[in-house]
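*Asks:* Okay, handing you the structure first.
In my numbering, the protein residues as written are 43 to 364.
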């Protein structure tokens with residue numbers, strides 16, 4: 043059985059789809075998947091053994107160059123590649139108009155997606171042959187698992203979802219245990235103050251840990267350098283690919299993160315992870331997996347999460363994960 047998945051972005055959304063592939067492989071031996079995913083997240087799809095082919099899409103980039111001939115040529119080539127194969131099922135797990143119109147509508151095969159009451163953008167359901175009701179009052183991972191179950195006709199497993207990618211990255215033995223601090227996020231309201239990170243870095247250093255700080259953009263690098271300043275145990279990492287970040291996460295003793303896509307990667311790799319939340323509710327989109335703990339501000343602001351409170355919760359997480 044050959045199935046096409048349409049789940050293009052973002053990091054967290056793509057990672058949230060992985061347990062559904064694991065379910066399907068267990069319930070339908072011999073099934074394989076092609077996956078339409080944004081070019082920046084191709085690596086994630088390839089980590090799962092059930093993904094046989096990745097079809098990259100660049101809607102974000104094309105949208106910014108919509109009147110450029112090159113963008114139109116790339117989209118034409120994408121459509122030709124997409125229509126090369128007739129699938130037993132096409133599952134739009136994105137539930138957005140852009141995924142339904144620009145991708146799912148074009149693919150060959152019976153098209154499945156969430157119905158108008160369940161999809162993130164109700165009008166997207168117009169483009170599906172089969173529409174499935176999926177409750178919004180459950181974690182995003184469970185929603186996608188339910189969609190796959192209904193689309194492919196197998197009973198939903200009662201066991202927790204399994205990303206099935208942790209074995210892809212082998213932990214390395216390190217002479218000094220280290221913590222990975224995922225401090226960067228695009229939304230200002232989700233950022234924990236840099237001055238708090240500086241204190242936390244020193245607290246972790248005094249406890250005998252090394253601290254590693256990854257970054258994505260140059261301003262995040264400068265912020266990380268300022269946070270690590272004066273602490274010999276803190277290391278600002280070079281620019282890393284997603285696979286390289288995963289390698290760093292796999293060998294970390296534990297992780298402290300803000301609400302960012304890489305936090306979900308820590309969960310997928312079964313690393314103990316304390317995620318800090320301010321204005322967002324972790325109930326439906328928080329870390330999913332073993333040793334994942336959310337610490338949410340009662341006041342709804344990141345500034346109200348004190349260093350003492352974070353460190354106390356982190357020590358509790360480490361005790362439970364041993």
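Cβ atoms here follow ideal geometry from the backbone N, Cα and C, with glycine treated the same way.
1) Compute the Euclidean distance between the alpha carbons of residue 170 and residue 111, then round it to the nearest angstrom.
2) Are residue 297 and residue 223 closer than 9 Å when you measure CB to CB?
3) Quick one, are the C-beta atoms of residue 292 and residue 208 less than 9 Å apart?
4) Does residue 187 pass the burial test, meaning 16 or more other C-beta atoms within 10 Å, or should it be called exposed?
5) Classify residue 129 as helix, strand or coil using the three-state DSSP reduction.
6) Going by DSSP, what residue range makes up the alpha helix (DSSP H) through residue 106?
7) Out of 70, 64, 99, point me to the one whose CA is closest to residue 51's CA.
8) Between the C-alpha atoms of residue 295 and residue 86, what's the straight-line distance to the nearest angstrom?
9) Return the Cβ separation of residue 53 and residue 306 in integer angstroms, given the expectation that the two are a contact with Cβ distance under 8 Å.
10) Go ahead and label residue 114 buried or exposed: buried means 16 or more other beta carbons lie within 10 angstroms of its beta carbon, across all protein chains shown.
11) Since I believe residue 249 is in contact with residue 57 (beta carbons under 8 Å), could you give me their beta-carbon distance rounded to a whole number of angstroms?
12) Going by the DSSP bridge assignment, what does residue 223 pair with across the sheet?
13) Can residue 142 and residue 120 be called in contact, C-beta distance under 9 Å?
14) Got a sec, what are the start and stop residues for the beta strand (DSSP E) residue 358 sits in?
15) Taking only three categories from DSSP, how would you classify residue 208?
16) Considering residue 154, what are the terminal residues of the beta strand (DSSP E) in which it resides?
17) Okay, do the segment 255-270 and the segment 332-344 touch, 3+ Cβ pairs below 8 Å being the bar?
18) Consult DSSP for residue 114 and reduce its assignment to one of helix, strand or coil.
19) Residue 97 and residue 78 look like a contact to me (Cβ under 8 Å); what is the Cβ gap, rounded to whole Å?
20) Quick check: does the Cβ of residue 100 come within less than 8 Å of any heavy atom belonging to the ligand FAD?
21) Determine the direct distance from the alpha carbon of residue 200 to that of residue 152, and round the result to whole angstroms.
22) Let me check understanding here. Comparing Cα to Cα, which of 131, 237, 242 lies closest to residue 189?
23) Considering only DSSP beta bridges, list what residue 253 is partnered with.
24) Can you have a look at residue 80 and say buried or exposed, based on whether 16 or more other CB atoms are within 10 angstroms of its CB?
25) Can you give me the C-alpha to C-alpha distance between residue 276 and residue 191, rounded to a whole angstrom?
26) If I measure Cβ to Cβ from residue 290 and keep anything under 8 Å in the same chain, skipping five residues before and after, which residues do I get?
27) Three-state secondary structure (DSSP) at residue 19?
28) Assign residue 81 to one of three DSSP states: helix, strand, or coil.
29) Does the beta-carbon distance from residue 352 to residue 242 come in below 9 Å?
30) Which term fits residue 259, buried or exposed, when burial requires 16 or more other beta carbons within 10 angstroms of its beta carbon?
31) Indicate the three-state DSSP secondary structure (helix, strand or coil) for residue 96 in the structure shown.
*Replies:* Reading from the atomic positions:
1) In the chain shown, counting from the first residue as 1, residue 170 sits at position 128. In the chain shown, counting from the first residue as 1, residue 111 sits at position 69. In a straight line, the C-alpha of residue 170 is about 30 Å away from that of residue 111.
2) Working through the chain shown from its first residue, we reach residue 297 at position 255. Working through the chain shown from its first residue, we reach residue 223 at position 181. Contact flag set, yes.
3) Translated into positions along the chain shown, residue 292 becomes position 250. Translated into positions along the chain shown, residue 208 becomes position 166. Against a cut-off of 9 Å, the Cβ pair of residue 208 and residue 292 comes out as a contact.
4) Numbered from its first residue, the chain shown carries residue 187 at position 145. Buried: at least 16 other Cβ atoms inside 10 Å.
5) Here residue 129 corresponds to residue number 87 of the chain shown, with the count starting at 1. In the structure shown, residue 129 sits in coil (DSSP, three-state: anything other than H, G, I, E or B).
6) Here the question's residue 106 lines up with position 64 in the chain shown. Per DSSP, residue 106 belongs to the alpha helix (DSSP H) from 101-106.
7) Counted from its first residue, the chain shown places residue 51 at position 9. If we check each option's Cα against that of residue 51, 99 comes out closest.
8) Locating residue 295 in the chain shown gives position 253, counting from the first residue. Locating residue 86 in the chain shown gives position 44, counting from the first residue. In this structure, the alpha-carbon of residue 295 lies about 22 Å from that of residue 86.
9) Here residue 53 refers to the residue found at position 11 when the chain shown is read from its first residue. Here residue 306 refers to the residue found at position 264 when the chain shown is read from its first residue. Rounded, the Cβ-Cβ distance is 7 Å, consistent with contact.
10) Numbered from 1 along the chain shown, position 72 holds the residue referred to as residue 114. So residue 114 ends up on the exposed side.
11) To locate residue 57, count along the chain shown from 1; it is residue 15. To locate residue 249, count along the chain shown from 1; it is residue 207. In fact, because the Cβ distance is near 30 Å, the residues do not count as touching under 8 Å.
12) Within the chain shown, numbered from 1, the residue matching residue 223 stands at position 181. Residue 223 pairs with 298.
13) Taking the chain shown and counting its residues from 1, one reaches residue 142 at position 100. Taking the chain shown and counting its residues from 1, one reaches residue 120 at position 78. Contact flag unset, no.
14) On the chain shown, position 316 is the one that residue 358 refers to. Looking at the DSSP string, residue 358 is not in any beta strand (DSSP E); the run it does join, the alpha helix (DSSP H), is 349-363.
15) Along the chain shown, one-based indexing puts residue 208 at 166. Reduced to three states, the DSSP call for residue 208 is helix.
16) The residue given as residue 154 occupies position 112 in the chain shown. Unbroken beta strand (DSSP E) run through residue 154: 153-156.
17) no
18) To locate residue 114, count along the chain shown from 1; it is residue 72. Three-state result, residue 114: helix.
19) Counting from one through the chain shown, the residue named residue 97 turns up at place 55. Counting from one through the chain shown, the residue named residue 78 turns up at place 36. For residue 97 against residue 78, the beta-carbon gap comes to about 5 Å, under 8 Å, which counts as contact.
20) This structure simply doesn't include the ligand FAD, nor any ligand for that matter.
21) Counted from its first residue, the chain shown places residue 152 at position 110. Counted from its first residue, the chain shown places residue 200 at position 158. Computed Cα separation, rounded: 27 Å.
22) For this step, residue 189 is matched to residue 147 along the chain shown. Minimum Cα distance to residue 189 is reached at 131.
23) Here residue 253 refers to the residue found at position 211 of the chain shown. In the DSSP output, where bridge partners are listed per residue, residue 253 has 221, 276.
24) Working through the chain shown from its first residue, we reach residue 80 at position 38. Its Cβ being crowded by 16 or more others within 10 Å, residue 80 is buried.
25) Within the chain shown, the letter at position 234 stands for residue 276. Within the chain shown, the letter at position 149 stands for residue 191. Each residue's Cα considered, the two are about 45 Å apart.
26) Counting from 1 along the chain shown, the entry for residue 290 is found at position 248. For residue 290, where only same-chain residues beyond five positions count, the Cβ hits under 8 Å are 222, 254, 256, 279, 282.
27) Outside the modelled stretch of the chain, which goes from 43 to 364, sits residue 19, for which no answer is possible.
28) Translated into the one-based positions of the chain shown, residue 81 becomes position 39. The answer is helix: DSSP assigns residue 81 an H, G or I state.
29) As a working note, residue 352 is residue 310 in the chain shown. As a working note, residue 242 is residue 200 in the chain shown. At a Cβ-Cβ threshold of 9 Å, residue 352 and residue 242 count as neighbours.
30) Here residue 259 refers to the residue found at position 217 when the chain shown is read from its first residue. Exposed.
31) In the chain shown, counting from the first residue as 1, residue 96 sits at position 54. Three-state result, residue 96: strand.
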